[in-house]
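Below: one structure, written as structure tokens.
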Amino acid sequence: MSLPIVACVLLLTVLASSQFVNGCYTSIFAFGDSIIDTGNYISLISKGLLQYDEIPNCSTPPYGETFFHHPTGRCSDGRLIIDFIAEHYGLPLLPPYSGGGNANPGGGVNFAVIGAPALTDDVLQADWSYSRDNISMMSQINMFKSLLPSICKTSSCDEIFDKSLIIFGSFGSNDYAPTMLSKRVEDAYRLQPLIVNAIGSAIEELIKLGVVNIMVPGMLPVGCLAGCLAVYYGSNEEDYDLSTGCLTWLNEFGQKHNRLLQKELTRIQEHYPNVFITYADYYNARLELFLSPEKYGFNNETGVIACCGSGGPYNAEGDTKCGYPSSHACNDPSSYIEWDGAHLTQAANRWIARGLLSGLYTSPNITASCSTSTSAMWI
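Be aware that the sequence shown starts at 34, since it is given in our numbering, and climbs by one per residue.
Set out below in structure tokens:
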């Protein structure tokens, strides 16, 4: 039996016996970018705190059509990985921080913002159309600090953090994007240690604030993104993985980032033995869907093709994005892995969340930090 089939069988077996852990965590605090932003980006734009000279990402139909039936600022047709994690622990969907107006410290808050980099503008020296410092990784931590008086109003912070899960990231994709999209790959490699060190420092900052349960996701297989495949369309045939259609060298870049990140997490864990740090293997959780799409209910012919886009071999032409007037969406997003060339469909997000929560793609197992639990059903 081949390794992909073995992995698929194992995952399905684990999921068949999996249960929700309702009561394990009482709140979730999330940091990151478009992979887990639940509405901060469009809220910040509406308040004039972010400037954008185009249609705001993920703010127009058909975004949100599958579950919410309207755009919520999530970059998908429905729920994100973080939504399924919250549901798994019996918690409400995380509200965006959005400057404090919608904050709900009782069940957690989401600080993630579309486009958020790990590094600041002066370090990146990137030619952004606007400054991203106010949505960067450290800016999000500062938002978290500003909310601490509200979070710890009726209980000690230690008591609250003992039952809270911090989801930190993933970070890095928006730092690498300018160099990757302009095909300056060597520059992207030079950024890797800077980014991983910055992530490590940020995690230590959170630990010093008192958090004790942290899940840190790695990068997704970016060589499988329809948007990246469209940019590098016409590459040599040997650059592609025949089993998935993904760009091998670009996936290798992501794997190197993930190895550096795991090494940094090991260092931090050794320095803070009383903190539970788990690595979330987004890379292999998502790659498994590309390796065995039909096993998970996806159309075998649409593996690296975006459901929503503007045409081209991957339905991800750069000039016209999903949500723009000339774009179009597929009839059945649940049969697609990719939603808009950079993000996943709700169906794919659900499978990845299940893989993480089953322990198959978290190291150590995310449930190992739970002290109490009750049973419920998978949805």
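All C-beta atoms in this analysis are idealised placements derived from N, C-alpha and C, irrespective of residue type, glycine included.
Predicted, not measured: the structure shown is a model, and the values here were computed from it.
Of the candidates 183, 303 and 388, the residue whose Cα lies closest to the Cα of residue 318 is 388. With contacts defined as CB atoms closer than 9 Å, residue 60 and residue 193 qualify as a contacting pair.
If you draw a straight line from the Cα of residue 364 to the Cα of residue 379, it is about 14 Å long. Considering only 181, 351 and 191, the residue with the shortest C-alpha distance to residue 215 is 351. Within the model, the alpha-carbon separation for residue 255 versus residue 322 is close to 14 Å. Listed in chain order, the non-local C-beta contacts of residue 99 below 7 Å within the same chain comprise 110, 111, 366 and 379, local neighbours out to five positions each way being set aside. Residues of the same chain with a CB within less than 8 Å of the CB of residue 327, apart from the 5 flanking positions on each side, are 333 in chain order. Secondary structure of residue 349 (DSSP, three-state): coil. Residue range 309 to 313 is occupied by the beta strand (DSSP E) that includes residue 313. DSSP places residue 199 within a strand segment (E or B) once states are collapsed to three. About 5 Å separates the beta carbons of residue 371 and residue 259, which is inside the 8 Å limit, making them a contact pair. As computed with DSSP, residue 339 is found in a beta bridge with 371. Here residue 68 carries a coil assignment [DSSP, helix/strand/coil]. Per the C-alpha coordinates, the member of 263, 399 and 384 positioned closest to residue 348 is 263. DSSP, read as helix, strand or coil, puts residue 361 in strand. The criterion of a C-beta distance shorter than 9 Å is satisfied by residue 237 and residue 305. Bridge partners of residue 142 according to DSSP: 62. For residue 291, there is no enclosing beta strand (DSSP E); the residue is part of the alpha helix (DSSP H) that begins and ends at 281 to 304. The beta carbons of residue 78 and residue 91 sit no closer together than 9 Å. Take the alpha-carbon of residue 314 and the one of residue 381: they are about 15 Å apart.
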